[in-house]
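Colleague: For reference, the structure I am asking about is given below.
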Amino acid sequence: MELKDFLATVKLSHAFLLSLASIIGMLLAIRGLPEIQVVILAIAAPFFVEIMSFTLNDIFDVEADRVNRRQDKPMAVGRIKPIEAWVIVIVSFVLGAVSAYMVNLMVFWIVIVFSFLSVLYSVYLKKMALIGNAAIGASMAIPFIYGDYVVSQVLEPNVLFMALLAFLLGLGRELSKSIQDVKGDRKQGRRTLPIVVGEGPAASAALLFYVSAVLLVLLPFFLQGPYYYDVFYLVPVLAAGFLTLVSARLTLQQRNFEKIRRYTMFAMLLALLGFLLGVFL
Numbered sequence: 056m057e058l059k060d061f062l063a064t065v066k067l068s069h070a071f072l073l074s075l076a077s078i079i080g081m082l083l084a085i086r087g088l089p090e091i092q093v094v095i096l097a098i099a100a101p102f103f104v105e106i107m108s109f110t111l112n113d114i115f116d117v118e119a120d121r122v123n124r125r126q127d128k129p130m131a132v133g134r135i136k137p138i139e140a141w142v143i144v145i146v147s148f149v150l151g152a153v154s155a156y157m158v159n160l161m162v163f164w165i166v167i168v169f170s171f172l173s174v175l176y177s178v179y180l181k182k183m184a185l186i187g188n189a190a191i192g193a194s195m196a197i198p199f200i201y202g203d204y205v206v207s208q209v210l211e212p213n214v215l216f217m218a219l220l221a222f223l224l225g226l227g228r229e230l231s232k233s234i235q236d237v238k239g240d241r242k243q244g245r246r247t248l249p250i251v252v253g254e255g256p257a258a259s260a261a262l263l264f265y266v267s268a269v270l271l272v273l274l275p276f277f278l279q280g281p282y283y284y285d286v287f288y289l290v291p292v293l294a295a296g297f298l299t300l301v302s303a304r305l306t307l308q309q310r311n312f313e314k315i316r317r318y319t320m321f322a323m324l325l326a327l328l329g330f331l332l333g334v335f336l
């Protein structure tokens, strides 16, 4: 197994993004950070669990990826052996669970539940219309809640807003991706939403979640709280909303799914920036 194939499998950009999301959760919860050693342990857990999740998904997705001719998937083209992938899964899970346990019991159980959800998704949930997509959306929301509970015993409202936004964006993005993967999913016997109701209605469902995300991210600007009429919050979230609506348009046109992936990721980063600026400026 070469390093480039390992990196292509574990998607380190997503691992860093989940670790960043956990830091954002901490910052939004207490307007600061705990001791550096706690931060390091806390961000290590989502980092390693993400590696476990993506690798596990590729293990169970290998046949569909071959049908879809996914040259970007090393397992599908034989550059990573199954035993190598399972070693990555086991080692990364252990490292993530131990890191979380050293922070506190609450975040340890969040990691255990998230890991169990990842297994369920890879084995069962991805074959089910909408439920599998919702599981991925939840996996994007959980790191913010995780970060909150690293430093707090209650779920702060602004953290909840960010988690809901991540869920809606993730759900819309996964629906867009499922339209791209219809051929392989059908061959694998999966009942994804585009297969059950058709690609057009599935694209409309993705549009609904994208628009809901845009409306949600604008709501704190009009509510009493740290973001009330805050221009530092408004500017980046407007940019995030624009990218989200562009993603929705591309989904309806059923084309350029790689752009949708990039735009939704940038939208999430801009929204994160807005939530931070609103708290600290």
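FYI, the numbering for the sequence shown is 56 to 336, going by the working numbering. Each residue gets a CB set at the ideal place from its N, CA and C atoms; glycine is no exception.
#1: Roughly how many angstroms lie between the CA atoms of S231 and V122, to the nearest whole one?
#2: What do you get for Y284, buried or exposed, if any count of 16 or more other CB atoms within 10 angstroms of its CB means buried?
#3: Roughly how many angstroms lie between the CA atoms of Y201 and R246, to the nearest whole one?
#4: What are the start and end residues of the alpha helix (DSSP H) that includes M130?
#5: Using CA coordinates, which residue listed in L289, V93, A261, F321 is at the minimum distance from L307?
#6: Determine the DSSP secondary structure at T247, reduced to helix, strand or coil.
#7: So which of V174, D236, R124, Q92 has the shortest CA-CA distance to G253?
#8: Along the chain, where does the alpha helix (DSSP H) that runs through P256 open and close?
#9: Kindly give me the distance between the Cβ atoms of F188 and L248, rounded to whole angstroms, as I take these residues to be in contact under 8 Å.
#10: Between the C-alpha atoms of F330 and V166, what's the straight-line distance to the nearest angstrom?
#11: Return the first residue and the last residue of the alpha helix (DSSP H) that Q178 is part of.
#12: What did DSSP end up calling Q308 once you bin it into helix, strand or coil?
#13: Under a Cβ-count criterion, where at least 16 other Cβ atoms within 10 Å of its own Cβ denotes burial, should D127 be classed as buried or exposed?
#14: Below 9 Å between beta carbons: does that hold for A303 and G239?
#15: Kindly give me the distance between the Cβ atoms of V272 and Y204, rounded to whole angstroms, as I take these residues to be in contact under 8 Å.
Modeller: Reading it off the structure:
#1: Within the sequence shown, residue 231 is the residue found at index 176, counting from 1. Within the sequence shown, residue 122 is the residue found at index 67, counting from 1. In a straight line, the C-alpha of S231 is about 18 Å away from that of V122.
#2: Within the sequence shown, numbered from 1, the residue matching residue 284 stands at position 229. So Y284 counts as exposed.
#3: Indexing the sequence shown from 1 puts residue 201 at position 146. Indexing the sequence shown from 1 puts residue 246 at position 191. Cα to Cα, Y201 sits roughly 31 Å from R246.
#4: Here residue 130 is taken as the residue at index 75 of the sequence shown, counted from 1. No alpha helix (DSSP H) contains M130, which DSSP labels as neither H nor E.
#5: Position 252 of the sequence shown holds residue 307. The shortest Cα separation from L307 among L289, V93, A261, F321 belongs to A261.
#6: Your numbering for residue 247 matches position 192 in the sequence shown. Three-state result, T247: coil.
#7: The residue given as residue 253 occupies position 198 in the sequence shown. Looking at the Cα atoms, D236 is the closest of the given residues.
#8: On the sequence shown, position 201 is the one that residue 256 refers to. Note, P256: alpha helix (DSSP H), 254 to 277.
#9: Within the sequence shown, residue 188 is the residue found at index 133, counting from 1. Within the sequence shown, residue 248 is the residue found at index 193, counting from 1. In the sequence on display, residue 188 carries Asn and not Phe. Between L248 and N188 the Cβ distance is about 7 Å, and since that is below 8 Å, they are a contact.
#10: On the sequence shown, residue 330 is found 275 positions in, with the first residue counted as 1. On the sequence shown, residue 166 is found 111 positions in, with the first residue counted as 1. When rounded, the distance between both Cα atoms is 24 Å.
#11: The count along the sequence shown starts at 1 and reaches residue 178 at position 123. Checking the sequence, you will find Val at residue 178 rather than Gln. V178 -> alpha helix (DSSP H) spans 160 to 178.
#12: Walking along the sequence shown from the start, residue 308 turns up at place 253. Helix at Q308.
#13: Residue mapping note: residue 127 aligns to position 72 of the sequence shown, counting from 1. Classification for D127: exposed.
#14: Counting from one through the sequence shown, the residue named residue 303 turns up at place 248. Counting from one through the sequence shown, the residue named residue 239 turns up at place 184. In this structure, G239 does not lie closer than 9 Å to A303 by Cβ.
#15: Taking the first residue of the sequence shown as 1, we reach residue 272 at position 217. Taking the first residue of the sequence shown as 1, we reach residue 204 at position 149. At roughly 23 Å, the Cβ-Cβ gap does not stay under 8 Å, so V272 and Y204 are not in contact.
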